[in-house]
Amino acid sequence: MNKHIATGLLLLLALGAQAETVGYWRFEPGEELANSAAGTLTLEVNGDAKAVKGSSFLNPVLDAENRGMADTDRVGAFFTTPDHAVLNFGSAAFTIEGFISPSPRGFQTLAGQWGAKGEQSWRFWINEDNGRLSVNLTKDGTQTFAPRAFTPVKGAFVGGKNYYVAAVVEPADHRVTYYYQNLTDGGPLQSMKMEVSGFSALFDSSAPLRIGGNSHNEPARFDEVRLTKGALKKTELLVPPGPAALGEIMIPASGKKRTAKPNIVVFLADDLGTGCLNAYGADEQLVRTPRLNQLAKDGLLFTEAYAPGSVCTPTRYAMLTGRYAWRGRLKSGVVNPGDPLLIEEGRRTVAMMLQEQGYRTAHIGKWHLGYTRQNKVHNYAALESISPGPNDVGFHYHFGLPNNLDDFARVYFENDGIYGLRSRRTSPYSRSFYGGMYHGYDAPQRQREQVTQDLNDRARQWIRSSVEEYPEQPLFLYFAAAAVHHPIEPSAQFRGTSPIGAYGDFIQELDHSVGEVMDALAYAGELENTLFIFSSDNGSDAGHVGSPEFQAMDAGLKINGERKGDKHTIWEGGVRVPFIVRWPGQVQPGQVSDRLVSLADIYSTLQHIVTGKPVSGFDDAPDSFSFADEISRRKPVGPRREHAVLNNVHGIKALRMGNWKYIEGMNDEIGEWASKRVSKSEAEPALYQLDKDPMEQNNVIDQYPEMAERLKKQYQEIRENGSERKTAR
Numbered sequence: 001m002n003k004h005i006a007t008g009l010l011l012l013l014a015l016g017a018q019a020e021t022v023g024y025w026r027f028e029p030g031e032e033l034a035n036s037a038a039g040t041l042t043l044e045v046n047g048d049a050k051a052v053k054g055s056s057f058l059n060p061v062l063d064a065e066n067r068g069m070a071d072t073d074r075v076g077a078f079f080t081t082p083d084h085a086v087l088n089f090g091s092a093a094f095t096i097e098g099f100i101s102p103s104p105r106g107f108q109t110l111a112g113q114w115g116a117k118g119e120q121s122w123r124f125w126i127n128e129d130n131g132r133l134s135v136n137l138t139k140d141g142t143q144t145f146a147p148r149a150f151t152p153v154k155g156a157f158v159g160g161k162n163y164y165v166a167a168v169v170e171p172a173d174h175r176v177t178y179y180y181q182n183l184t185d186g187g188p189l190q191s192m193k194m195e196v197s198g199f200s201a202l203f204d205s206s207a208p209l210r211i212g213g214n215s216h217n218e219p220a221r222f223d224e225v226r227l228t229k230g231a232l233k234k235t236e237l238l239v240p241p242g243p244a245a246l247g248e249i250m251i252p253a254s255g256k257k258r259t260a261k262p263n264i265v266v267f268l269a270d271d272l273g274t275g276c277l278n279a280y281g282a283d284e285q286l287v288r289t290p291r292l293n294q295l296a297k298d299g300l301l302f303t304e305a306y307a308p309g310s311v312c313t314p315t316r317y318a319m320l321t322g323r324y325a326w327r328g329r330l331k332s333g334v335v336n337p338g339d340p341l342l343i344e345e346g347r348r349t350v351a352m353m354l355q356e357q358g359y360r361t362a363h364i365g366k367w368h369l370g371y372t373r374q375n376k377v378h379n380y381a382a383l384e385s386i387s388p389g390p391n392d393v394g395f396h397y398h399f400g401l402p403n404n405l406d407d408f409a410r411v412y413f414e415n416d417g418i419y420g421l422r423s424r425r426t427s428p429y430s431r432s433f434y435g436g437m438y439h440g441y442d443a444p445q446r447q448r449e450q451v452t453q454d455l456n457d458r459a460r461q462w463i464r465s466s467v468e469e470y471p472e473q474p475l476f477l478y479f480a481a482a483a484v485h486h487p488i489e490p491s492a493q494f495r496g497t498s499p500i501g502a503y504g505d506f507i508q509e510l511d512h513s514v515g516e517v518m519d520a521l522a523y524a525g526e527l528e529n530t531l532f533i534f535s536s537d538n539g540s541d542a543g544h545v546g547s548p549e550f551q552a553m554d555a556g557l558k559i560n561g562e563r564k565g566d567k568h569t570i571w572e573g574g575v576r577v578p579f580i581v582r583w584p585g586q587v588q589p590g591q592v593s594d595r596l597v598s599l600a601d602i603y604s605t606l607q608h609i610v611t612g613k614p615v616s617g618f619d620d621a622p623d624s625f626s627f628a629d630e631i632s633r634r635k636p637v638g639p640r641r642e643h644a645v646l647n648n649v650h651g652i653k654a655l656r657m658g659n660w661k662y663i664e665g666m667n668d669e670i671g672e673w674a675s676k677r678v679s680k681s682e683a684e685p686a687l688y689q690l691d692k693d694p695m696e697q698n699n700v701i702d703q704y705p706e707m708a709e710r711l712k713k714q715y716q717e718i719r720e721n722g723s724e725r726k727t728a729r
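Heads up: the sequence shown is residues 1 to 729, going by UniProt numbering.
Here it is as structure tokens:
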């Protein structure tokens with residue numbers, strides 16, 4: 001029988017006059033075993049167990065690289081201390097606590113002690129079916145419940161959610177105090193006391209401690225399990241007291257701020273329209289985005305935010321460089337598999353600027369900007385390096401997908417090579433979304449439904465290791481999610497969680513991903529010193545008849561809100577995007593702004609925040625304006641964005657200025673491929689008055705020729721001057 005092993009880390013800490021940590025198991029990969037009375041934890045399956053020192057539990061289904069949680073994935077499986085490392089508290093008080101990602105249904109044991117057959121034993125159970133916390137007592141082999149049913153809050157435990165749970169046991173007083181917090185959806189740390197008579201002698205049991213254990217074939221995952229002798233106060237628990245927005249878990253630390261400069265996270269969703277978020281009006285009966293809801297409540301929500309392009313690559317290029325992609329070689333479309341790096345040699349990026357300001361930088365997730373300077377590379381395994389790539393444009397660390405979930409590589413790239421590449425050997429591979437036969441690499445293959453969690457795990461690992469290894473450097477993380485770009489394949493954990501099908505499930509998993517990144521910052525004690533920006537590269541893709549996106553729309557989800565068009569188009573549904581900023585101490589909670597912003601503005605804004613001055617010349621970030629005064633206490637410096645150039649997949653451009661939107665129609669830069677695919681409605685010049693016509697139904701170019709000419713002239717000046725900021729009035 002297979003044995004899966006987890007190592008235990010024992011920390012002896014003083015937690016007050018009479019409280020002492022007896023065991024603290026972090027389940028982290030690569031940590032060495034500390035010999036102690038609490039001993040090594042082994043995973044026992046139906047009585048078969050074996051300990052391996054220095055090894056960490058590995059669940060290849062959850063994550064082939066070990067995400068640092070323990071998992072009991074079999075009936076009767078549990079973690080246990082060795083027989084010789086018994087824990088005998090007698091009538092003394094103790095506290096058991098930890099973080100748990102429970103199964104979708106069934107009983108799960110947080111912790112307990114089982115004596116020999118016929119002896120007394122105890123365990124604390126979580127029942128996710130009906131949201132109960134229970135104490136299970138056994139005497140003379142007969143199972144009894146005291147009380148039989150305990151429900152502090154209806155539906156307190158829901159399958160697929162992450163929780164913090166603690167039980168403070170005071171046998172002499174016949175009392176158990178439960179603490180619990182839903183870390184997935186946010187909310188306060190809650191508590192409930194239970195009077196349990198007749199078990200004061202129960203903890204004399206000379207038996208090993210067990211963690212986990214299930215009565216059904218459903219996995220339960222654990223992390224940061226701590227056993228303390230003594231009844232901990234609320235302020236001494238691993239989770240802080242009172243309302244903890246977004247599940248801000250804090251491991252006890254000195255509280256000293258590492259750096260005066262803020263950490264910065266830019267979380268970029270893929271193909272996510274405003275209509276997919278509750279904060280922008282999505283019906284909670286169709287889809288739920290609690291972490292993003294909380295992000296908006298804690299921060300500033302922009303209603304007039306634009307992606308520079310209605311497809312992936314142009315927006316990502318503009319966000320990193322502060323320059324519209326159509327000023328370079330990409331006049332239409334996106335970077336295709338095997339294309340060279342789109343960021344030109346010598347072109348500065350926001351990541352390079354932040355590196356110069358002392359930041360530790362990483363890109364994790366979808367790249368879609370090309371690698372190397374070679375053209376049409378279909379076999380990256382044959383290359384010694386995929387440089388230049390992210391490492392060469394400002395990122396100390398890179399882990400992600402070359403293009404998207406269905407790109408030709410089907411592997412991850414890490415820094416300047418293929419992640420886990422074992423040899424240069426390749427074999428024919430199936431067709432991808434882009435068509436054609438491609439090479440299969442001798443490396444770990446991506447599982448599409450697992451990509452979101454894989455990226456979450458990498459972000460968590462990078463945040464933790466960076467804080468530990470570079471304590472004096474602030475962090476910059478560009479997290480580019482693969483969700484919700486097609487193929488729409490949510491993980492098993494989220495499949496079936498929304499009433500509108502796979503697309504709704506995928507949106508909810510993306511929301512969870514935002515929470516995981518924020519929780520990782522909280523674990524490291526860095527969340528309150530982090531500027532967190534959430535947005536999307538373009539609007540949602542409507543898909544085709546029968547697709548998950550189409551099914552969600554049929555069910556009533558207005559994926560791009562009350563706006564015309566979707567991804568690829570020049571219409572508002574293709575380029576209007578969600579944009580939320582959270583920065584404690586700078587951004588007042590619950591604010592809404594109708595200021596015009598573009599993702600191209602991130603460069604100048606971040607420079608303004610970390611240096612005190614926005615970009616001033618026209619060589620670097622020529623199309624980027626600072627909105628730092630909107631999200632911080634910085635005073636306005638330089639021009640304010642009054643207009644924005646927008647671009648569709650075929651190279652058709654538009655100018656948004658005030659309430660007006662001018663669409664140029666066909667232009668001389670549109671190539672043969674794009675010209676054959678431009679829709680008739682986008683090919684002709686047009687003018688729309690968005691405040692009166694948000695659905696862009698009425699072309700008023702003939703009624704307002706002077707306004708059309710004014711916007712056309714402004715657009716042409718922006719195009720010809722090489723800098724939008726240079727044309728600012």
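We put the CB at the ideal spot given by N, CA and C, even for glycine. Note that the structure is a prediction, hence the values are computed from the model and not measured.
Closest option to H396, judged by alpha-carbon separation, among E384, H363, W367 and A382: H363. Cα atoms of A167 and Q181: separation of roughly 12 Å, rounded to the nearest angstrom. Under the three-state reduction of DSSP output, W660 falls in the strand class. Distance from the CA of E469 to the CA of L687, rounded to the nearest whole angstrom, comes to 54 Å.
Taken through DSSP and simplified to helix, strand or coil, Y441 comes out as strand.
Classified as exposed, S423 has fewer than 16 neighbouring CB atoms from the shown chains inside 10 Å of its CB. Excluding five sequence positions before and after A628, the CB atoms of its chain that fall closer than 6 Å to its own CB belong to T605, H608, I609 and R634, given in chain order. Secondary structure of E97 (DSSP, three-state): strand. Taking a contact to require three or more Cβ pairs closer than 8 Å, the segment 510 to 520 and the segment 284 to 296 qualify as touching.
In the DSSP assignment, R464 falls within the unbroken alpha helix (DSSP H) covering V451 to E469. Here the alpha carbon of V377 sits roughly 26 Å from the alpha carbon of S310. For the pair P340 and T372, the CB atoms are nearer than the 9 Å cut-off. Excluding the 5 residues flanking it on each side, A600 has same chain C-beta neighbours closer than 6 Å at P308, A318, G322, D623 and S624, in chain order. S681: member of the alpha helix (DSSP H) spanning K680 to A683, first to last residue. Bounds of the alpha helix (DSSP H) holding S513 are A502 to Y523. With contacts defined as CB atoms closer than 9 Å, S598 and A654 fail to qualify as a contacting pair. In terms of CA proximity to H398, K366 leads the group L237, E449, K366 and L690. The criterion of a C-beta distance shorter than 9 Å is satisfied by A520 and R464. Residue environment: T235 is assigned as exposed (fewer than 16 neighbouring CB atoms within 10 Å of its CB, all protein chains considered). Residue environment: P171 is assigned as buried (16 or more neighbouring CB atoms within 10 Å of its CB, all protein chains considered). Boundaries around F267 are those of the beta strand (DSSP E), N263 to A269, since no alpha helix (DSSP H) includes it. L238 places its beta carbon less than 9 Å from that of E224. Remark: fewer than three beta-carbon pairs, one from each stretch, lie closer than 8 Å, so the segment 291 to 305 and the segment 402 to 413 are not flagged as touching. DSSP places S536 within a strand segment (E or B) once states are collapsed to three. Residues G275 of the same chain have their beta carbon placed closer than 6 Å to that of K558, with the five preceding and five following residues left out of the count. DSSP places N648 outside both helix and strand once states are collapsed to three, so it counts as coil.
Per DSSP, the unbroken alpha helix (DSSP H) holding V610 starts and ends at I602 to T611. Following the DSSP letters along the chain, one finds V350 in no beta strand (DSSP E) but inside the alpha helix (DSSP H) bounded by residues V350 to E356. Inclusion of R582 and D407 in the CB contact set at 9 Å is not warranted, their separation being larger than that value. Membership of E170 in the beta strand (DSSP E) is indicated by the continuous run Y163 to E170.
For F413, the beta-bridge partners assigned by DSSP are G400 and I418. For K366, the enclosing beta strand (DSSP E) has its first and last residue at R360 to K366.
G565 counts as buried, since no fewer than 16 other beta carbons sit within 10 angstroms of its beta carbon.
Taking all protein chains shown into account, S385 has fewer than 16 neighbouring C-beta atoms within 10 Å of its C-beta and is therefore exposed. In the displayed model, I488 falls within coil according to three-state DSSP, outside both helix and strand.
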